[in-house]
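Residue numbers (our numbering), protein chains in the order written: chain A, 19 to 165; chain B, 19 to 165; chain C, 2 to 430; chain D, 2 to 430. These notes are about the structure you will find just below.
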Amino acid sequence: MSDLDTLYRELILDHSKHPQHFGLADEEGASATSHQRNPVCGDEITLRARVATDGETIRDVTWEGSGCSISQASASMLSDLMDGVTRDEARTLIEGFREALRSRGQLDLDEDVYGDAAALTGVSKFSARVKCAMLAWVALEDALVRA
Amino acid sequence: MSDLDTLYRELILDHSKHPQHFGLADEEGASATSHQRNPVCGDEITLRARVATDGETIRDVTWEGSGCSISQASASMLSDLMDGVTRDEARTLIEGFREALRSRGQLDLDEDVYGDAAALTGVSKFSARVKCAMLAWVALEDALVRA
Amino acid sequence: MSTANPETAAPRLDAARLRADFPILRVDVNGHPLVYLDSAATSQKPTAVLDAERDFLTHANAAVHRGAHTLAGEATDLFEDARATVAGFVGAAPEQLVWTSGATMGLNLVAYSIGNATLGRAPSRFALQPGDEIVTTAIEHHANLIPWQELAARTGAVLRHIPVRDDGTLDLDAAAALIGERTRIVAFTHVSNVLGIVNPVAALIALAQTHGALTVMDACQSAPHLPLDLPALGVDLAVFSGHKMLGPYGVGGLYGRTDVLEDLPPFLTGGSMITTVSLEAAEYLPPPQRFEAGTQPIGPAIGLAAAVQYLDAVGLEQIHAHEIALADRMGEALREIPGIRLLGDAAGVERVGLWSFDVDGVHAHDAGQYLDSLGIAVRVGHHCAAPLHRRFGMTASVRASAALYNTDDDIERFIDAVRGIRPYFGAGS
Amino acid sequence: MSTANPETAAPRLDAARLRADFPILRVDVNGHPLVYLDSAATSQKPTAVLDAERDFLTHANAAVHRGAHTLAGEATDLFEDARATVAGFVGAAPEQLVWTSGATMGLNLVAYSIGNATLGRAPSRFALQPGDEIVTTAIEHHANLIPWQELAARTGAVLRHIPVRDDGTLDLDAAAALIGERTRIVAFTHVSNVLGIVNPVAALIALAQTHGALTVMDACQSAPHLPLDLPALGVDLAVFSGHKMLGPYGVGGLYGRTDVLEDLPPFLTGGSMITTVSLEAAEYLPPPQRFEAGTQPIGPAIGLAAAVQYLDAVGLEQIHAHEIALADRMGEALREIPGIRLLGDAAGVERVGLWSFDVDGVHAHDAGQYLDSLGIAVRVGHHCAAPLHRRFGMTASVRASAALYNTDDDIERFIDAVRGIRPYFGAGS
Ligand SMILES: Cc1ncc(COP(=O)(O)O)c(C=O)c1O
Ligand SMILES: Cc1ncc(COP(=O)(O)O)c(C=O)c1O
Chain A
19 MSDLDTLYRE
29 LILDHSKHPQ
39 HFGLADEEGA
49 SATSHQRNPV
59 CGDEITLRAR
69 VATDGETIRD
79 VTWEGSGCSI
89 SQASASMLSD
99 LMDGVTRDEA
109 RTLIEGFREA
119 LRSRGQLDLD
129 EDVYGDAAAL
139 TGVSKFSARV
149 KCAMLAWVAL
159 EDALVRA
Chain B
19 MSDLDTLYRE
29 LILDHSKHPQ
39 HFGLADEEGA
49 SATSHQRNPV
59 CGDEITLRAR
69 VATDGETIRD
79 VTWEGSGCSI
89 SQASASMLSD
99 LMDGVTRDEA
109 RTLIEGFREA
119 LRSRGQLDLD
129 EDVYGDAAAL
139 TGVSKFSARV
149 KCAMLAWVAL
159 EDALVRA
Chain C
2 MSTANPETAA
12 PRLDAARLRA
22 DFPILRVDVN
32 GHPLVYLDSA
42 ATSQKPTAVL
52 DAERDFLTHA
62 NAAVHRGAHT
72 LAGEATDLFE
82 DARATVAGFV
92 GAAPEQLVWT
102 SGATMGLNLV
112 AYSIGNATLG
122 RAPSRFALQP
132 GDEIVTTAIE
142 HHANLIPWQE
152 LAARTGAVLR
162 HIPVRDDGTL
172 DLDAAAALIG
182 ERTRIVAFTH
192 VSNVLGIVNP
202 VAALIALAQT
212 HGALTVMDAC
222 QSAPHLPLDL
232 PALGVDLAVF
242 SGHKMLGPYG
252 VGGLYGRTDV
262 LEDLPPFLTG
272 GSMITTVSLE
282 AAEYLPPPQR
292 FEAGTQPIGP
302 AIGLAAAVQY
312 LDAVGLEQIH
322 AHEIALADRM
332 GEALREIPGI
342 RLLGDAAGVE
352 RVGLWSFDVD
362 GVHAHDAGQY
372 LDSLGIAVRV
382 GHHCAAPLHR
392 RFGMTASVRA
402 SAALYNTDDD
412 IERFIDAVRG
422 IRPYFGAGS
Chain D
2 MSTANPETAA
12 PRLDAARLRA
22 DFPILRVDVN
32 GHPLVYLDSA
42 ATSQKPTAVL
52 DAERDFLTHA
62 NAAVHRGAHT
72 LAGEATDLFE
82 DARATVAGFV
92 GAAPEQLVWT
102 SGATMGLNLV
112 AYSIGNATLG
122 RAPSRFALQP
132 GDEIVTTAIE
142 HHANLIPWQE
152 LAARTGAVLR
162 HIPVRDDGTL
172 DLDAAAALIG
182 ERTRIVAFTH
192 VSNVLGIVNP
202 VAALIALAQT
212 HGALTVMDAC
222 QSAPHLPLDL
232 PALGVDLAVF
242 SGHKMLGPYG
252 VGGLYGRTDV
262 LEDLPPFLTG
272 GSMITTVSLE
282 AAEYLPPPQR
292 FEAGTQPIGP
302 AIGLAAAVQY
312 LDAVGLEQIH
322 AHEIALADRM
332 GEALREIPGI
342 RLLGDAAGVE
352 RVGLWSFDVD
362 GVHAHDAGQY
372 LDSLGIAVRV
382 GHHCAAPLHR
392 RFGMTASVRA
402 SAALYNTDDD
412 IERFIDAVRG
422 IRPYFGAGS
């Protein structure tokens, strides 16, 4: 597999063409919205997370925005992954994701833990693209503080 | 003669120890005063030139100030040289002096024209000292504009 | 379609031979020999530049304008020789060239100096009144936009913008209507770093002069590509960056007309720009030293002098002709690739060797990544010109920018690679 | 008399061996091997620094934080690694280090940023009110004096000065009386570039903190000579210059506490420091990028990282001990030469390896010229500290400043030469 193909796995191109959870859900219950932007390219994302009545479980994550296939796929994969996890679990997942992506190819994302998002492992070798992949995750982190 | 000795000729050390025309003359007739300063070392000179009633002939040049032996000797030699020359002659002398000093050792000052001041020829090889030697000459140039 | 330009008559230079002077152009990227088409972001540096700086640092390094010792004298001479060389490169006298750390700094220097004049620190004909107007254009790099926004906000002046037409040319009719009695400053780029079009700067300067407005030109993207004679052009102030013209990082130039520099108050303060200092107040040297506070980028300045000597030795006419030829070939080929939209594809304008474009259905980042996988370095994003991109309905574009060391072969490899972008990402299928 | 210092216990380094790393130290000056004692003006640079920059420029050069291509990625990584290295050198986290073009720029950045806060461009806890006080000292370099004079003049704040005692130490009693409720900023140098005394900065910081004043430290003359841990010291902001610490020209650092940097508005504006830009207004990134407008000095930053790695490899404790030994020997010998008056010859203080002195009957320029004729490079003048010189009744002095590469032999040659100054000029005879 060429380096380029490790970055643009089928799964990533699929998600970017058919983004999941695209379109913001109504603001209801304990939900919060975060807007993030990549200053270099102007890419942006608006992400909304709703927390269940237990105050702990993330109920749904929806988003919209525009950007490169990495940022779009990442938002789509994130939304899939986070449905039903607790705040704490989400924080741990985000931290692990950040660490792997900043590892310059040293750390892999475990497919059992990250699901489709594990396909983003290859991004860590492309440091200029780490921000693209992180955009949605930073948005969720930010939203959860306020949800 | 060592390089240092070409800079510090006897004549220069003599003038710096026994500065001529030191002490400002009273302001009378068409006289003008200029204050110049070397910002690097804080050396300064105040020079006064008086022009004769013909409006053309420089009558006397007096000065005071503090600085290195080059700047002091140069002021002393300048004052000797300029007594009795016309404005035009003075301008030409100053221009020639400036040119020689900036020549980085390429041009010599003619003793027949510059008298004792010709001993300052060696300064042109020491670019950091050119400002020292020029200080009084710039002051005279400035004073003549207003005298 | 060929770009109209009188200089196309100059003989083309031998880029393949010049490449030997640029060691980095021999590296492989992702298994392919590098095709560097990002010179508008930063140029590569010839060995002569690297050697000039290193020679200085290993033989004559010392602080300038401050010491009486031999090394300090040599360093001062080399540093002032460098000033004369770089000033001469743009047609100016040594004392008309202020060293800066780059174009951004040069533009901030001008804006803050005018701000200081306005805030009464130093009475000056450049002081602004609330309601006075600063005119810039809709195509500026952020460096020639935000400093004016901030100056306007600090002084109560009004910022206005010369609009750009759909084809990327500035709307001179609108400019003539905008620039008027209240206009105090007109700031514009010589060549846009996104559109590559050489702007009608003589016309803008004439308009500004009619109303006595100060002209400030961003020459970042022209200095390495066209012959420049700033005094002949009649502009009041102009800036450029060393690193974009084969020189080192950390140095740039601000050219100023003598009378203009003389009437601008200081910006940065500190050592080497003063005549006298007490604990309470300081007095300042004349230009250019007035604007050069603290230790200057001595090594980089000496490197930049070597860079402009290199450019001069090749010949700016030849460089311009060569780059026009490359631009023509790029434009011609890109127009024929399905889904590619060129920005600023105006007919009959003079241009430098750069094109920005959109790839239908593929984000610029992805397009750039694909090109990179084939060893082709281009820039993607808004290129620090976000308002310009918004004006053309986009947030990001792909930009390929050539320099004297790019060959016809580089361009062919680039074009072939662009053809592969949309198929790879399954766009338009 | 020996300088009291706990670090004198560290083993001395082998300066003769280190010299091999500094090619310039092998040049002859006026027929004598160079004795370079002007490191306080600018240091010499080891081959490792020159190589680091050249390697970067010939293998990975590209604009950082902007491109998606491979070189741009490598360049960005190297540039951010350099930030982490230089930040680590002063005990800081990477995001606490802002690149500047040098110390003068760093101090102007702080002063202008506070000015912008005051002028309402960005509401901030650092805004000054008329009558608020800025306290600096009577021994500052012009770079840590004039920016505050200008800030005071622009804002209506009052500038006050901690006096210096006859022996060159700061008058801490006077400082305690000066620093009070109205004090908003206390700016001081860690080590004076004329006196060589390490100031009681912990005490000044404690005083300032009692009154909630912002502390700004000039670390130019300490960074290359002492181990520094700025967060542990508790200072809010500190600056240093690359070229004085074995690094290249054109780069420096501004350290800031995270909460302080966050609350300071931008200074220079332009590319790479924004989140969004419209034609009308811009929004800014968090620190450190907020303060890094335009293309940064990438090569010089990478060179500076190599420089601090070099310093770290030798060991700052060792360097300090070595330089104290040189200073002790210089002080001891100079005190015995007739007609030499040392500035700041206080007993029992920590110092770096520099002495400034007056030669009775011989102007500093002439004394320096004489030393230069013997291959000895010292600095003469007011060393950008005119008020300090006036305080000690002089306009200029001779300064000899040592660094890690100076040997005992250098010092002996220097001392012998100083003995010859007055006889040559016939002073005192
Ligand atoms: C104590 C001190 N502060 C500030 C500066 C200014 O540093 P730079 O000229 O590198 O900006 C210097 C050096 O000249 C210095 O010695
Ligand atoms: C047109 C234009 N102006 C200004 C700049 C800013 O130059 P620098 O980043 O070197 O300060 C650039 C480069 O980025 C540019 O292309």
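Note that beta-carbon positions come from the ideal geometry of N, C-alpha and C, so glycine has one too. What you are looking at is a predicted structure, and each value in this text was computed from that prediction instead of being measured.
7 Å Cβ shell around residue i - same chain, five flanking residues per side excluded
i: residue 392/D; result: 139, 165
i: residue 271/C; result: 294, 295
i: residue 179/D; result: 136, 161, 163
i: residue 7/D; result: Annotation note: pLDDT 46 at residue 7/D (below 50); position unreliable, no value reported.
i: residue 105/C; result: 144
Contacting residues, own chain, Cβ-Cβ under 8 Å from residue i (five flanking each side not counted)
i: residue 48/D; result: 22, 23, 24
i: residue 420/C; result: 338
i: residue 29/C; result: 35, 376
Backbone CA spacing between residue i and residue j [nearest angstrom]
i: residue 231/C; j: residue 328/D; result: 52 Å
i: residue 414/D; j: residue 403/D; result: 13 Å
i: residue 110/B; j: residue 159/B; result: 10 Å
i: residue 160/C; j: residue 154/C; result: 9 Å
i: residue 134/C; j: residue 183/C; result: 5 Å
i: residue 64/B; j: residue 101/B; result: 17 Å
i: residue 36/D; j: residue 378/D; result: 6 Å
i: residue 9/C; j: residue 322/C; result: For residue 9/C, the predicted structure reports a pLDDT of 48, less than 50, and the residue's modelled location is therefore unreliable. A value from the coordinates is still provided. The alpha-carbon atoms of residue 9/C and residue 322/C are separated by roughly 5 Å.
i: residue 5/D; j: residue 351/D; result: Because residue 5/D carries a pLDDT of 43, less than 50, the predicted location of this residue cannot be relied on, and the following value inherits that uncertainty. The straight-line gap from Cα to Cα measures roughly 6 Å.
i: residue 325/C; j: residue 225/C; result: 13 Å
i: residue 73/A; j: residue 153/A; result: 25 Å
Beta-carbon neighbours of residue i, restricted to chain C and to distances below 8 Å
i: residue 21/A; result: 31, 374
i: residue 62/D; result: 25, 43, 45, 46
Neighbour list for residue i in chain B, Cβ cutoff strictly below 8 Å
i: residue 409/C; result: The premise fails here: residue 409/C is roughly 46 Å from chain B at the closest Cβ pair, so nothing lies under 8 Å.
i: residue 296/C; result: Per Cβ cutoff of 8 Å: no residues; residue 296/C is ~14 Å from chain B at best.
Partner residues on chain D for residue i, Cβ-Cβ distance less than 7 Å
i: residue 116/A; result: What residue 116/A touches in chain D: nothing, since even the nearest Cβ is about 15 Å away.
i: residue 270/C; result: 109, 147, 148, 151
Where residue i meets chain D, residues with beta-carbon distance less than 9 Å
i: residue 155/C; result: 117, 120, 121, 122
Where residue i meets chain C, residues with beta-carbon distance less than 7 Å
i: residue 306/D; result: Ordered by position in chain C, no residue passes the 7 Å Cβ test against residue 306/D, which lies about 14 Å from the chain.
Chain-ordered chain A contacts of residue i [CB-CB under 7 Å]
i: residue 73/D; result: 146
Those residues which DSSP pairs with residue i across a bridge
i: residue 283/D; result: 278/D
i: residue 37/D; result: 378/D
i: residue 198/C; result: 352/C
i: residue 215/D; result: 186/D
i: residue 165/C; result: 171/C
Proximal chain B residues relative to residue i, where beta-carbon distance stays under 7 Å
i: residue 277/C; result: 55
Neighbourhood of residue i by C-beta distance below 6 Å, restricted to the same chain and skipping five residues each side
i: residue 127/A; result: 118, 136, 139
i: residue 361/D; result: 340
i: residue 2/D; result: Model confidence at residue 2/D stands at a pLDDT of 37, short of 50, so the residue's coordinates are unreliable; what they give is reported in the following sentence. Here the set comprises nothing.
Contacts that residue i makes with chain B (C-beta to C-beta distance below 9 Å)
i: residue 396/D; result: 59, 60, 61, 62, 84, 85
Contacts of residue i in chain D (Cβ-Cβ under 8 Å)
i: residue 31/B; result: 426, 427
i: residue 25/B; result: 370
beta-carbon residue i near ligand 3 non-hydrogen atom, thresh 8 Å
i: residue 251/D; result: Absence of ligand 3 is noted for the structure shown, with ligand 1 and ligand 2 being the only ligands found.
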